[in-house]
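Residue numbers are given in my numbering: position 46 of the sequence shown equals residue 311, and the series is strictly consecutive. Cβ coordinates follow ideal geometry from the N, Cα and C atoms, glycine included. Everything numeric in this text was worked out from a predicted model, so none of it was measured. Below: the structure, in structure tokens.
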Amino acid sequence: MKKIIGWAIIIYVLYCIGIAWYLFSFADSSIPSKWKGTSADPATFLTPSEQVLSEQYSQWKNFLFFVSVPYDWLAYLAVLWLGMAKALQTWSEKATKWFVLQVAFYVFWFSIIMTVLTLPFDFISYRISWAYGVSTQSVFSWMRDEAMDFLVNTVMLFLIVVVLYGLIRRFEKRWWLYAWMVSVPFTIFFMFIQPVVIDPLYNDFYPLKDKVLEAKILALAEKAHIPSDHVFEVNMSEKTNTLNAYVTGIGSHARIVLWDTTLQRLKEKEVLFIMAHEMGHYVMKHVYWGVASYIVLTFAGLFVAGRVMNWLIRRWGEYFHLHKISALASLPMFLLVISVLNFSVSPVVNMVSRYEEHAADEYAIKLTKDPDAAISAFQKLTKAGLSEVNPPVFVKIFRYTHPTIFERMVFLEKQKYSERN
């Protein structure tokens, strides 16, 4: 076992070195010479120091992302290899005979262990954002959000594990199918309650204060045949300097939300373009397509996870201190397999998301007919968040759910050219 752990650590260290070399020395984030001097060129709207800060900030955030993902996998493996998962199961079974209470005991202490192991990466990420002026959040506020994350994630994990392992124990071979069937209404229910139950735990939401602007946004919504009575504003300036707006929820609880930082830094026409973009998501039912896609991926993921876990236990069960998939000690293995699967399909998921975001951009331009406002909005968004205009291809594939700023600017430049001709 020591040999396996040693090789795992060596491979991880070499991987980190390779990622650092790629991001800091090899990757090219310059734009094609054809677009130099246009609105897509960061030199036209960022100062030289802002360009340097943007590159440095993006490199560090990308580096943390790519090294933290396999680190999480190693953390799951460590919990299995070192016998902690088995020990937690033994303690939970000694503490009570009730399965639900055993799960509660196990999930709580497992969450504590994983939080301790992964918290350093979260704190480093926060401190980098704070050091570069992207985050305005105090340490106390950050710790409060981390505590809320722990609480919400632990409760959610408890509910999932109770149902999942109850089904595994009841249906040895078809558990994955029944688990998927249960996940469908659970997913829809969660999407329904998230805007009104989960999101307000972290930030304050309220109807847009600027009623003149709200009236114009609602008029735009009416033009797009969207029934809406309110646009919501969220207080994010206490935590970040970045700008954002989004659509969340489904059904009667669907919301269009604007960050207060967006309202503070963008002009009215720029805000209207952002809102038109979000309305495009609503009109094209991207939220519903997203839920449907998630349900399909969950079906495939649970099916594959069951096969992979059984193979792992047959092949290396002795090293993992596991003999059957129904044991609570297999939870870290289940989360490991799901995490690997999620990362594996992320390029495809991100590609689909980028397509939807581009479609929303197209819709917004058709609705507002104002590419200049769109360009200036994206430039200000880049400036506020120190976003990388043209990130390396590898980063784009695995991290970007939106088209790059460069791609969006090029599209808008072409729109302006077509309008003039």
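- For R439, the three-state secondary structure derived from DSSP is coil.
- Only residues of its own chain outside the window of five on either side were considered, and among them Y397 and L651 have a CB closer than 7 Å to the CB of L318, listed in chain order.
- Here W524 is bridged, per DSSP, to V499.
- Across the structure, A360 and L288 are spaced so that their CA atoms are roughly 49 Å apart.
- Each of A308, I560, A292 and G302 was checked against the Cα of T647, and the nearest Cα belongs to A308.
- When secondary structure is reduced to three states using DSSP, Y467 falls in the coil class, being assigned neither helix nor strand.
- For T633, the enclosing alpha helix (DSSP H) starts and ends at L596 to T633.
- Membership of Y341 in the alpha helix (DSSP H) is indicated by the continuous run P313 to W346.
- Residue burial is scored here from C-beta neighbours: H588 has fewer than 16 other C-beta atoms within 10 angstroms and is therefore classed as exposed.
- Spanning the alpha carbons of H490 and D626 requires a straight line of approximately 18 Å.
- For Y397, no beta strand (DSSP E) encloses it, and the DSSP letter there is neither H nor E.
- Segment contact: the region 440-452 against the region 560-569, three or more CB-CB distances shorter than 8 Å; contact assigned.
- P472 carries a strand assignment under DSSP once its states are collapsed to helix, strand and coil.
- When Cβ pairs closer than 8 Å are counted between the two stretches, the region 380-395 is seen to touch the region 405-418, the count reaching three or more.
- The three-state secondary structure of V512, taken from DSSP, is strand.
- Residue pairing for T505: DSSP places it in a beta bridge opposite S400.
- Where F310 is concerned, there is no enclosing alpha helix (DSSP H), because DSSP gives it neither an H nor an E.
- Distance from the Cα of R572 is smallest, within the candidate group S609, M598 and C281, for M598.
- Counting C-beta pairs with one atom in each stretch, the region 669-679 and the region 336-350 have fewer than three that are closer than 8 Å, which means they do not touch.
- According to the DSSP assignment, G650 belongs to the alpha helix (DSSP H) that extends over P636 to G650.
- Exposed is the label assigned to M413, since fewer than 16 other Cβ atoms lie within 10 Å of its Cβ.
- In the structure shown, K550 falls within a coil segment according to DSSP collapsed to helix, strand and coil.
- A distance below 7 Å between beta-carbons, with the five flanking residues on each side excluded, links F330 to the following residues of its chain, in chain order: R664.
- In terms of Cα proximity to K481, the closest of V462, F538 and W441 is F538.
- Here S295 carries a coil assignment [DSSP, helix/strand/coil].
- Looking only at L485, S611, F454 and N615, the smallest Cα-Cα distance to K631 is reached by L485.
- The Cβ atoms of V654 and T669 sit closer than 8 Å to each other.
- Annotation for V660: the continuous alpha helix (DSSP H) segment containing it runs V658 to R664.
- Contact between the region 471-478 and the region 599-608 is absent, with fewer than three C-beta pairs closer than 8 Å.
- Under the Cβ criterion (8 Å, minimum of three pairs), the region 417-428 counts as touching the region 369-376.
- In the DSSP assignment, A350 falls within the unbroken alpha helix (DSSP H) covering M349 to A360.
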